[in-house]
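Asks:
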Amino acid sequence: MKYLSSFVVIVLVLVLNSAVFCHGGNTSVYVRKVEKTVDMPLDNDVFRVPLGYNAPQQVHITQGDRDGKAVIVSWVTQDKPGSSAVLYWSENSKLKKKAEGKFNTYRFYNYTSGYIHHCTIRNLEVNFTSLYIHSLSFTVLPYACMIYGVCMLC
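Counted the way mature numbering (1 follows the signal peptide of the UniProt record, and there is no 0) counts, the sequence shown spans residues -22 to -1, 1 to 132.
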């Protein structure tokens, strides 16, 4: 019992002293300005809904596996699900391949999400430089390209 109480006291002293010796709250000399920034105002055109019926929104391309041989293409359609399939081809290839995806929606109280699509493209070449992607549900801005890891709409 004597050893247990000594152990508890030592642990308690170490924990309380760690607050004195630890400076984890100061990670940088940078301090954010209190006033709002005007870098990108909310009425900027990048926040507008794309033109066209059921146009894709929030298109994302992310790494799909640990080996760099897959990408996941995600997007949202608002009015109807459309297709979750994706046609893709590499820069110098005339062969177009098709990957099937899935979509889902969710509800939270009185909010219902759009149709959230995810499609994984597998078995890509490890060092590809350009990948051209066309979703069958995109009616406007039909191509999403991944060039050197940078996602952009073509």
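For every residue, glycine included, the Cβ atom is placed at its ideal position computed from N, Cα and C.
Since Gln35 is in the beta strand (DSSP E), which residue starts that stretch and which ends it?
Replies: Mapped onto the sequence shown, residue 35 falls at position 57. Segment Gln35 to Gln41, the beta strand (DSSP E) holding Gln35.
Asks: So residue 159 is in the beta strand (DSSP E); what residue range does that whole segment cover?
Replies: For the chain, the structure presents residues -22 to 132; residue 159 sits outside this window and is missing.
Asks: When you compare only the Cα positions, how much space is there between Arg85 and Pro59?
Replies: For the purposes of this step, residue 85 is taken as residue 107 along the sequence shown, with counting starting at 1. For the purposes of this step, residue 59 is taken as residue 81 along the sequence shown, with counting starting at 1. Distance between the alpha carbons of Arg85 and Pro59 is about 15 Å.
Asks: Is there contact between the segment 84 to 100 and the segment 48 to 56, where contact requires at least three CB pairs shorter than 8 Å?
Replies: Flag = yes, the segment 84 to 100 and the segment 48 to 56 touch.
Asks: Using a 10 Å radius around the Cβ and a threshold of 16 neighbouring Cβ atoms, would you call Thr55 buried or exposed?
Replies: Mapped onto the sequence shown, residue 55 falls at position 77. The residue is buried, with at least 16 neighbouring Cβ atoms inside 10 Å.
Asks: May I ask you to report which of helix, strand or coil DSSP gives Tyr89?
Replies: As a position in the sequence shown, residue 89 is number 111, starting the count at 1. Tyr89 falls in the strand class under three-state DSSP.
Asks: Measuring straight from C-alpha to C-alpha, what distance separates Ala33 and Met18?
Replies: For the purposes of this step, residue 33 is taken as the residue at position 55 of the sequence shown. For the purposes of this step, residue 18 is taken as the residue at position 40 of the sequence shown. Their backbone Cα atoms lie some 23 Å apart in a straight line.
Asks: Might you give, ordered along the chain, the residues of its own chain that have their beta carbon closer than 6 Å to the beta carbon of Val(-15), omitting 5 neighbours on each side?
Replies: Position 8 of the sequence shown, counting from 1, holds the residue named residue -15. So the list is empty, once near-sequence residues are dropped.
Asks: Take the Cβ of Val64 as the centre, count every other Cβ of all protein chains shown within 10 Å, and call the residue buried at 16 or more, exposed below.
Replies: Start at 1 with the first residue of the sequence shown, and residue 64 comes out as number 86. Counting Cβ neighbours within 10 Å, Val64 comes out buried, since at least 16 surround it.
Asks: Below 8 Å on the Cβ atoms is my guess for Trp53 versus His95; work out the distance and round it to an integer in Å.
Replies: By one-based count along the sequence shown, residue 53 stands at place 75. By one-based count along the sequence shown, residue 95 stands at place 117. Trp53 to His95, Cβ: 5 Å. Contact.
Asks: Give the C-beta separation of Ser62 and Gly79 to the nearest angstrom, bearing in mind that I take them to be a contact with Cβ-Cβ under 8 Å.
Replies: One-based indexing of the sequence shown puts residue 62 at position 84. One-based indexing of the sequence shown puts residue 79 at position 101. Indeed they touch by this definition, with Cβ atoms about 4 Å apart.
Asks: Going by Cα to Cα distance, which pick from Gln41, Ala77 and Gln35 is closest to Tyr93?
Replies: In the sequence shown, residue 93 corresponds to position 115, counting from 1. The candidate whose alpha carbon is nearest that of Tyr93 is Gln35.
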